[in-house]
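S.K.: Residue numbers (the UniProt record's numbering), protein chains in the order written: chain A, 1 to 220; chain B, 1 to 220.
Number of protein chains: 2
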Amino acid sequence: MATSVEREGRKNDPEKTKEDILRVATEEFSAYGLSGGRVDAIAEKTKTSKRMIYYYFGSKEGLYLAVLEKAYRKIRSLEADLQLADMPPVEALRTLIASTFDHDENNPDFVRLVSIENIHYASHMKQSSEIGELNLSIVKTIAEVLERGRSEGIFRRDVDAVDLHMLISAFCFFRVSNRYTFGTIFHRDLSAPELYSRHKHMISDAVLAYVRCSSDTSGG
Amino acid sequence: MATSVEREGRKNDPEKTKEDILRVATEEFSAYGLSGGRVDAIAEKTKTSKRMIYYYFGSKEGLYLAVLEKAYRKIRSLEADLQLADMPPVEALRTLIASTFDHDENNPDFVRLVSIENIHYASHMKQSSEIGELNLSIVKTIAEVLERGRSEGIFRRDVDAVDLHMLISAFCFFRVSNRYTFGTIFHRDLSAPELYSRHKHMISDAVLAYVRCSSDTSGG
DNA sequence: TTTGACACGTACTGGTTAGTACATTATCAG
DNA sequence: CTGATAATGTACTAACCAGTACGTGTCAAA
């Protein structure tokens, strides 16, 4: 008989259930925002029910925060991989920039969630002990590379690591976060392949040109 | 008697009513987003009633679009003022960058509305004939400055005006749009006055260093 | 094999919210 | 002054949506 298939008994698998909910919720919130996302819509796309969302995550906001935390956890794990210590400073920076660029390019969901969290003044993030303790290693890495460049006499001395990270992140992030409005106004498809490499070169060149020693940085 | 004060007769002033609604709606949508913004909340903060919102703007989305159009109209009018034609290319670029920087810094509502519109995939903007025909003059201006710099032999020849506008905008925009998450993670108040000038210098230096001629732009 | 904690499903509810029906007043052209 | 049209206020509704009451099934330890 096919009974074992047709009314296959319920299997308790809390981890899988939670994971399933988080996956679907990430899509929903990323697509529609926190206010725009619907708990019912999430429940429907899940293998489980709305009941379980509240069972595990307590509230819509609790679920949203879990989604956000998972997203940040993912990038933290990705950042560790780069082995920049062995590279010359310029190459290290280029590698790091390329990595940031590709990360944002390949994770539009993350970019959208961060945008959404900013619309909410980062209020959920501030409540999260996990995200609060992130203290991204990338800044330490940048500071290290900058220091090596300075001691080699090829980088200017007045560059702050967090500022530089911002300069890099801003371009990589904006390219993804604002691709719709920017693309519409300037009639340009920001996901086009030829722009991918051109923009990647541009931010890399701009950052390198900036940090390099130069006799002329005055003006204006 | 005070009758003329107490039950002062209704005054019809459609322009003022519309303007009032738009002002309040801009605050609401900018603060809570399109989905998060409440028509009732807007109506309450207005001198008029919800009825009039629907009378003039048809729907919540219609109101939102009107808010967005007004925001874009405002920046277009601001862009025209710069007189860059008389300046040397480097000074012209620095002036333009400073102007973009200050614009985003001073108009966080605009920045938020654009972020919100991107979350909605710019779908409303695409429906707007007004915004569709914006074709911001800033790109023409940049192209002109770049051309002058090239003919003077001080700018590299492979810089696209739209790309450069993106490089500039990205940093100025990100600084405002992402100040909450970025500030939280890196424990830095991005609205602090000392960062204002430092960041303004940084983006200016970076862009200028990028566009200037240089024998070494290879690497990676 | 029983028992108790954990995991899960169904059906529901109460408040919220976009949008409207209906009545009334202002304004202005003739 | 008058009638037509635009502008406005009040009260309402139907749908939506976050959250819950209540009951059932699972599983591992005793």
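Even glycine gets a Cβ: it sits at the ideal position worked out from N, Cα and C. Quick caveat, the model's predicted, so the values are computed rather than measured.
So which of N106(A), F29(A) and G183(A) has the shortest CA-CA distance to L113(A)?
M.R.: Ranking the options by Cα distance to L113(A), first place goes to F29(A).
S.K.: Does the beta carbon of R73(A) come closer than 8 Å to any beta carbon on chain B?
M.R.: Output row for R73(A): interface = no.
S.K.: Distance cutoff 8 Å, beta carbons only. Does H199(B) sit that close to anything in chain A?
M.R.: Closer than 8 Å to some Cβ of chain A, the Cβ of H199(B) qualifies, so yes.
S.K.: Comparing the C-beta of E152(A) with each C-beta of chain B, is any distance below 8 Å?
M.R.: No - not a single Cβ of chain B is within 8 Å of the one on E152(A).
S.K.: Would you identify the three-state DSSP class for F110(B), choosing helix, strand or coil?
M.R.: Of the three classes helix, strand and coil, the one that applies to F110(B) here is helix, per DSSP.
S.K.: Mind checking whether V111(A) and D102(A) have CB atoms under 8 Å apart?
M.R.: Not closer than 8 Å, so no.
S.K.: Pairing CB atoms from the region 93 to 100 of chain A with CB atoms from the region 151 to 162 of chain B, are three or more of them under 8 Å?
M.R.: Result no; under three Cβ-Cβ pairs closer than 8 Å.
S.K.: Is the beta carbon of H124(B) less than 8 Å from the beta carbon of L63(B)?
M.R.: No, these two residues do not count as a Cβ contact at 8 Å.
S.K.: Less than 8 Å between CB atoms is the rule here; does G220(A) satisfy it with respect to chain B?
M.R.: For G220(A), the predicted model reports a pLDDT of 42, less than 50, meaning its position is unreliable; a value from the coordinates is still stated below. Yes, contact with chain B.
S.K.: Only counting the same chain, and skipping five residues up and downstream in sequence, which positions put a Cβ closer than 7 Å to that of I168(A)?
M.R.: Cβ within range, chain order: I97, T100, I203 and V207.
S.K.: Using a Cβ cut-off of 9 Å, pull out every chain A residue sitting near F155(B), in sequence order please.
M.R.: Here the premise fails: no neighbours, minimum Cβ distance about 12 Å.
S.K.: For the region 123 to 138 of chain A, enumerate the residues whose C-beta is nearer than 9 Å to any C-beta of chain B, in chain order.
M.R.: Those would be S123, M125, K126, I131, G132, L134, N135 and L136, in chain order.
S.K.: If I follow the unbroken alpha helix (DSSP H) through residue 243(A), where does it start and stop?
M.R.: Outside the displayed range of chain A (1 to 220) lies residue 243(A), so it cannot be described from this structure.
S.K.: Would you check if the distance between the CB atom of G33(A) and the CB atom of G37(B) is smaller than 8 Å?
M.R.: Not in contact: G33(A) and G37(B) (Cβ atoms no closer than 8 Å).
S.K.: I want to see whether chain A comes within less than 8 Å of Y210(B), judged by CB atoms only; does it?
M.R.: Judged by the 8 Å Cβ criterion, Y210(B) is in contact with chain A.
S.K.: Could you confirm whether any beta carbon from chain A is found closer than 8 Å to the beta carbon of I142(B)?
M.R.: Chain A contact via Cβ: absent.
S.K.: Give the DSSP-derived three-state secondary structure of R94(B) in the structure shown.
M.R.: The answer is helix: DSSP assigns R94(B) an H, G or I state.
S.K.: Taking the alpha helix (DSSP H) that P193(A) belongs to, which residues open and close that run?
M.R.: Per DSSP, P193(A) belongs to the alpha helix (DSSP H) from P193 to V211.
S.K.: Shortest alpha-carbon distance to M166(A) belongs to which of S177(B), E27(B), A143(B) and L84(B)?
M.R.: Answer by Cα proximity: S177(B).
S.K.: Out of curiosity, what's the CA-to-CA distance linking P193(A) and D163(B)?
M.R.: The straight-line gap from Cα to Cα measures roughly 14 Å.
S.K.: In the structure shown, what three-state DSSP assignment does F29(A) receive?
M.R.: Note: F29(A) maps to helix in three-state DSSP.
S.K.: Using the C-alpha atoms, what's the distance from K18(B) back to R175(B)?
M.R.: If you take the alpha carbons of R175(B) and K18(B), they lie about 32 Å apart.
S.K.: Should the region 124 to 136 of chain B be regarded as contacting the region 71 to 90 of chain B, the criterion being three or more beta carbon pairs within less than 8 Å?
M.R.: These segments touch.
S.K.: With D109(B) and T181(B) assumed to form a contact (beta carbons below 8 Å), what rounded beta-carbon distance in angstroms separates them?
M.R.: About 18 Å; that fails the 8 Å criterion.
S.K.: Along chain A, in chain order, which residues have C-beta atoms closer than 8 Å to that of residue 295(B)?
M.R.: Nothing can be reported for residue 295(B), as the shown portion of chain B is limited to 1 through 220.
S.K.: In the DSSP output, what is F155(A) paired with across the bridge?
M.R.: According to DSSP, which records beta bridges pairwise, F155(A) is partnered with R212(A).
S.K.: I'd like to know whether the C-beta of Y32(B) is nearer than 8 Å to at least one C-beta of chain A.
M.R.: Judged by the 8 Å Cβ criterion, Y32(B) is in contact with chain A.
S.K.: Does the Cβ of L22(B) have 16 or more other Cβ atoms within 10 Å, making it buried, or fewer, making it exposed?
M.R.: It counts as buried.
S.K.: Please state the DSSP three-state secondary structure of E105(A).
M.R.: Of the three classes helix, strand and coil, the one that applies to E105(A) here is helix, per DSSP.
S.K.: For chain A, is any of its Cβ atoms less than 8 Å away from the one on S214(B)?
M.R.: Interface residue, yes.
S.K.: Taking only heavy atoms of the ligand HEM into account, decide whether any of them is closer than 7 Å to the Cβ of D158(A).
M.R.: Because no ligand of any kind appears in the structure shown, any question about the ligand HEM cannot be addressed here.
S.K.: Taking the Cβ atom as the reference point for each residue, do I53(B) and V67(B) lie within a distance shorter than 8 Å?
M.R.: Not a contact, by the Cβ cut-off of 8 Å.
S.K.: Just to confirm, is the Cβ distance from F171(A) to F171(B) under 8 Å?
M.R.: Cβ distance < 8 Å, so F171(A) and F171(B) count as in contact.
S.K.: Taking S60(A) as the reference, give the member of K47(A), A43(A), D189(A) and N107(A) with the closest Cα.
M.R.: One detail in the question is off: residue 60(A) reads as Lys in this sequence, not Ser. When each option's Cα is compared against that of K60(A), the closest is A43(A).
S.K.: I need the straight-line Cα distance from D189(A) to P14(A), nearest angstrom please.
M.R.: If you take the alpha carbons of D189(A) and P14(A), they lie about 42 Å apart.
S.K.: Can you check which of these residues, D20(B), S137(B) and E152(B), is closest to residue 237(B) by C-alpha distance?
M.R.: One cannot answer for residue 237(B) here, as it falls past the ends of chain B, which runs 1 to 220.
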